[in-house]
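Colleague:
2 protein chains.
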Amino acid sequence: MATTQPAAVDRPATIHDIAALCGVAASTVSRALSTPDRVNVRTRQRIEAAAAQLHYIPNSQAKALSSGRTGAVGVLVPDITNPFYFDLIRGTQLQLKAAGYTQLLVDTEESDEVEASTVEQLRKSADGIIVAASRLSDDALLAAAAKMPLVTINRDVPGVPAVLIDTPSATGQALDHLISLGHTRIAYVAGPLTSQSSTRRWTTLSGAAEERGVDVRRLGPFAPKKQSGAAAADAAVHSGVTACIAFNDLIAIGMLQRLRDRGIRVPEDMSIVGCDDIFGADFCNPPLTTMASPIEQAGRVAVSMLLARLNPLAGGGARNRSVMPTHLTVRGSTGPAPLA
Amino acid sequence: MATTQPAAVDRPATIHDIAALCGVAASTVSRALSTPDRVNVRTRQRIEAAAAQLHYIPNSQAKALSSGRTGAVGVLVPDITNPFYFDLIRGTQLQLKAAGYTQLLVDTEESDEVEASTVEQLRKSADGIIVAASRLSDDALLAAAAKMPLVTINRDVPGVPAVLIDTPSATGQALDHLISLGHTRIAYVAGPLTSQSSTRRWTTLSGAAEERGVDVRRLGPFAPKKQSGAAAADAAVHSGVTACIAFNDLIAIGMLQRLRDRGIRVPEDMSIVGCDDIFGADFCNPPLTTMASPIEQAGRVAVSMLLARLNPLAGGGARNRSVMPTHLTVRGSTGPAPLA
DNA sequence: CGGCAAATGACAACCGGTTGCCATACTTTG
DNA sequence: CAAAGTATGGCAACCGGTTGTCATTTGCCG
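For the protein sequence lines, the chains are A and B, in the order given.
Just remember that the working numbering sits 2 ahead of the position in the first sequence, which is counted from 1.
Just remember that the working numbering sits 2 ahead of the position in the second sequence, which is counted from 1.
(1) Where are the alpha helix (DSSP H) runs, 4 residues long or more, that stay fully inside the region 183 to 271 of chain B, in chain order?
(2) Rounded to whole angstroms, what's the CA-CA distance from residue 2 of chain B to residue 141 of chain B? Just pull it up for me.
(3) Let me confirm a value: residue 327 of chain A is counted as buried when at least 16 other C-beta atoms fall within 10 Å, else exposed. Which label applies?
(4) What does residue 277 of chain B touch in chain A if you count any residue whose Cβ is under 7 angstroms from its own?
(5) Pick out the complete alpha helix (DSSP H) segments inside the region 35 to 120 of chain B, 4 residues or longer, and give them in chain order.
(6) Can you tell me whether residue 134 of chain A is helix, strand or coil according to DSSP?
(7) Are the C-beta of residue 70 of chain B and some C-beta of chain A separated by less than 7 angstroms?
(8) Roughly how many whole angstroms lie between the Cα atoms of residue 252 of chain B and residue 306 of chain A?
(9) Chain A beta carbons: is any one of them nearer than 7 angstroms to that of residue 64 of chain B?
(10) Below 8 angstroms, how does it come out for the region 285 to 292 of chain B and the region 237 to 256 of chain B: are there three or more Cβ pairs, yes or no?
(11) Look at the alpha carbon of residue 109 of chain B and the alpha carbon of residue 236 of chain B, and state the distance between them as a whole number of angstroms.
(12) Beta carbon of residue 144 of chain B: closer than 6 angstroms to some heavy atom of the ligand GDP?
(13) Report the rounded CA-to-CA distance for residue 62 of chain A versus residue 176 of chain B, giving the unit in angstroms.
(14) From residue 99 of chain A to residue 208 of chain B, what distance separates their C-alpha atoms?
(15) If distances are taken between C-alpha atoms only, which option among B/18, B/17, B/339, B/20 comes closest to residue 180 of chain B?
(16) Identify which residue in B/48, B/66, B/74 has its Cα closest to the Cα of residue 130 of chain B.
(17) Spell out the partners DSSP gives residue 330 of chain A in its beta bridges.
(18) Is the separation between the beta-carbon of residue 143 of chain A and that of residue 159 of chain A shorter than 7 angstroms?
(19) Alpha carbon to alpha carbon, how far is residue 296 of chain B from residue 90 of chain A? Give it in angstroms, no decimals.
(20) Taking 7 angstroms as the CB-CB cut-off, is residue 95 of chain A touching chain B?
(21) Which residues of chain B have a Cβ atom closer than 7 angstroms to the Cβ of residue 122 of chain A, listed in chain order?
(22) Quick one, which residues of the region 126 to 138 of chain A are near chain B if we go by CB-CB under 9 angstroms, in chain order?
(23) On the CB-based measure, 16 or more other CB atoms within 10 Å of its CB, does residue 149 of chain A come out buried or exposed?
(24) Between residue 47 of chain A and chain B, is any beta-carbon pair separated by less than 7 angstroms?
(25) Could you tell me if residue 84 of chain A is buried or exposed, where buried requires 16 or more neighbouring beta carbons within 10 angstroms of its beta carbon?
(26) Does any residue of chain A have a CB that is nearer than 7 angstroms to the CB of residue 11 of chain B?
(27) Considering only their Cβ atoms, is the gap separating residue 170 of chain A from residue 206 of chain A smaller than 7 angstroms?
(28) If you reduce the DSSP assignment to three classes, tell me which class residue 129 of chain B lands in.
(29) What separation, rounded to the nearest whole angstrom, lies between the Cα atoms of residue 67 of chain A and residue 115 of chain B?
(30) Is there a Cβ of chain A sitting closer than 7 angstroms to that of residue 18 of chain B, yes or no?
(31) Step through the CB atoms of chain A and report whether any lies within less than 7 angstroms of the CB of residue 107 of chain B.
(32) Going along the region 74 to 88 of chain A in order, which residues come within less than 8 angstroms of chain B, judged by CB to CB distance?
(33) Residue 220 of chain A versus chain B: which residues are under 9 angstroms apart at the beta carbon?
(34) Note down the Cα distance separating residue 167 of chain B from residue 312 of chain B, rounded to an integer number of angstroms.
(35) To be precise: take each residue of the region 276 to 301 of chain A, compare its Cβ to all Cβ atoms of chain B, and keep it if any distance is under 7 angstroms. Which residues remain?
(36) Closer than 7 angstroms, CB to CB, is residue 1 of chain A near chain B or not?
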């Protein structure tokens with residue numbers, strides 16, 4: 003067997019192979035490929051030709067090890083199977099790919115511990131992190147942001163760059179919508195206690211309710227999953243309200259199902275407002291009135307902010323806070339309050 | 003300024019730091035951590051204590067570079083925003099994490115070129131690849147599988163390990179279901195031409211239709227997206243069939259919406275069967291009759307098959323083909339054929 | 001107590017690039 | 001034409017681990 007065959011094995015080519023082929027040093031190859039100006043045009047062309055001929059693909063591990071930059075960005079979401087994150091993930095993926103970065107997607111399973119250990123892990127294997135709906139404490143997030151570039155989505159901590167989706171203001175729109183339909187007894191179906199979004203929405207809502215003189219009570223907390231909707235629906239019915247504003251569309255859709263099972267008509271007997279306008283909100287039965295926002299774009303903006311931090315080239319005008327607009331999309335799940 | 007401060011910087015600890023702290027060589031630290039038997043118990047304990055004290059976290063890049071194993075597995079899906087892949091991704095993610103691997107998720111945008119270049123890219127940065135619904139040619143897949151461990155999902159190429167979802171047999175069940183409801187003019191709403199699943203389903207379906215003496219025609223191809231449903235619905239209505247078996251639930255749901263808009267009742271005027279039982283299939287209007295399968299489990303099985311190949315420890319009983327069962331879930335979108 | 005094998009740990013090369021520093025060669029200028 | 005400056009490419013250290021090789025220590029045996 004030709005054990006000492008000099009070349010031609012199927013092993014991926016390295017810069018050393020190129021260097022040997024061109025009769026130059028490996029460092030020259032490295033420069034030709036990453037700092038073209040640092041090398042004579044003719045030499046560079048020879049090297050580029052050789053690289054193409056050998057199907058050279060740089061080894062990202064080696065690159066990362068020596069340069070310190072990994073070319074990867076971690077994206078942490080609490081629950082991959084929550085449709086809300088689909089569009090977000092797609093937004094980050096598209097924008098990252100466009101910038102030549104790789105996305106490391108991690109499902110933190112709604113757990114602050116998993117999230118914390120993932121952040122620590124990623125410190126070595128990613129250049130930056132995007133954390134959606136973090137379950138970490140403010141302090142932990144601040145500490146993490148001090149160690150490496152980090153952008154949050156839907157989590158406002160002073161000193162940490164963030165993309166915020168302005169659901170509180172949309173919550174106000176939702177309340178006004180319900181009031182204009184004659185509802186006076188309204189419930190807010192809360193999400194996880196550790197969710198800042200949920201807290202902020204409730205604050206806005208209770209304040210606005212007081213101003214407008216309507217009764218808004220809080221139910222929950224409920225896990226942000228469709229199956230939580232059953233308990234939420236029962237609680238809403240029991241509390242005697244005629245309309246609900248749910249933490250998110252998953253819960254809202256779960257409520258629709260439960261209400262239907264119990265023979266309670268939507269919107270005749272009970273109006274439901276969701277949040278996020280996820281996949282499915284437009285074709286459930288009845289279609290869900292919900293607070294919509296450009297989620298994919300939120301992902302893109304988060305990536306832009308992170309990359310601006312990673313490559314602080316031109317003008318230092320890197321924003322560190324971006325608020326995405328939100329609006330109420332009215333569909334069939336809200337209607338006039340029952341006369342009762 | 004204490005520029006030459008000997009230690010205590012916030013830089014992550016390396017095995018050299020541990021070695022210095024314990025007064026041993028770096029190689030000993032490496033062995034203590036990865037080959038515990040190779041080192042004296044007492045030495046090992048000292049090293050472990052030091053590692054814990056310094057919060058040592060191994061640098062995965064360096065590890066990958068020197069050992070050749072990256073500890074990562076690439077997962078390629080054609081479209082992240084297709085709910086079908088949510089459960090699949092969750093299955094792979096869970097199983098990979100359990101085995102200590104990292105998941106590199108890539109959206110190949112339904113493009114064979116993106117898919118091919120990603121596979122090439124991943125050759126260096128992942129230990130193996132899982133490709134869902136590949137758009138590559140058989141030859142390309144075979145070549146890729148020869149270069150690195152690879153498992154396909156929903157793509158059957160001889161010589162390439164695969165997890166298959168047995169939708170063809172479910173398609174037969176769907177056909178029988180429709181026949182038993184009195185339908186005799188049925189359409190198959192096809193997916194992309196490059197989708198093997200679609201092709202295989204159509205083959206099964208047309209064969210079964212002939213046996214049973216019913217008329218099944220093929221419509222399409224259609225992109226596997228909800229918005230394709232409109233065109234599909236129009237085509238179905240125009241073709242005069244009374245029932246449709248759609249390539250997937252996205253198209254089916256899109257058809258439901260379009261039919262509703264056009265005032266065509268489901269299932270009174272037209273029955274619709276979907277495929278995959280994705281998120282939303284149970285709460286659309288009407289709820290969709292569809293072919294369901296354990297998708298998350300398919301992801302887990304794919305990971306298991308891949309890992310068995312990566313770590314060929316005990317008995318070489320690594321299967322290279324696994325077929326997931328599928329069954330028809332009947333909901334409200336199918337009903338008796340109209341009398342017409 | 002000598003001799004031999006097993007256990008242990010140090011040394012150094014290596015994975016595949018990057019980058020600071022230096023020597024050479026070429027160009028420009030006085 | 002010499003001095004000075006610039007373009008170019010090589011050398012070697014380094015990133016943080018892994019692993020083969022080998023010297024030394026330890027322990028067991030006769």
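Ideal placement from N, C-alpha and C gives every residue a C-beta, glycine not left out.
Modeller: On the basis of the coordinates in this document:
(1) 198 to 214, 230 to 241, 251 to 263
(2) Not covered by the structure: residue 2 of chain B. The range shown for chain B is 3 to 342.
(3) exposed
(4) In chain order: nothing, as chain A lies at least about 17 angstroms away.
(5) 43 to 55, 62 to 69, 85 to 100
(6) strand
(7) no
(8) 31 angstroms
(9) yes
(10) yes
(11) 30 angstroms
(12) With respect to small molecules bound, the structure shown includes none, and the ligand GDP cannot be examined in it.
(13) 48 angstroms
(14) 41 angstroms
(15) B/339
(16) B/74
(17) A/293
(18) yes
(19) 25 angstroms
(20) yes
(21) 59
(22) 126, 127
(23) exposed
(24) no
(25) buried
(26) Below a pLDDT of 50, predicted positions are generally treated as unreliable, and residue 11 of chain B, at 49, falls in that range; no measurement from the model is reported.
(27) yes
(28) coil
(29) 29 angstroms
(30) no
(31) yes
(32) 82, 83, 85, 88
(33) What residue 220 of chain A touches in chain B: nothing, since even the nearest Cβ is about 26 angstroms away.
(34) 23 angstroms
(35) 281, 282, 285, 286, 287
(36) Absent from the structure is residue 1 of chain A, since the part of chain A shown begins at 3 and ends at 342.
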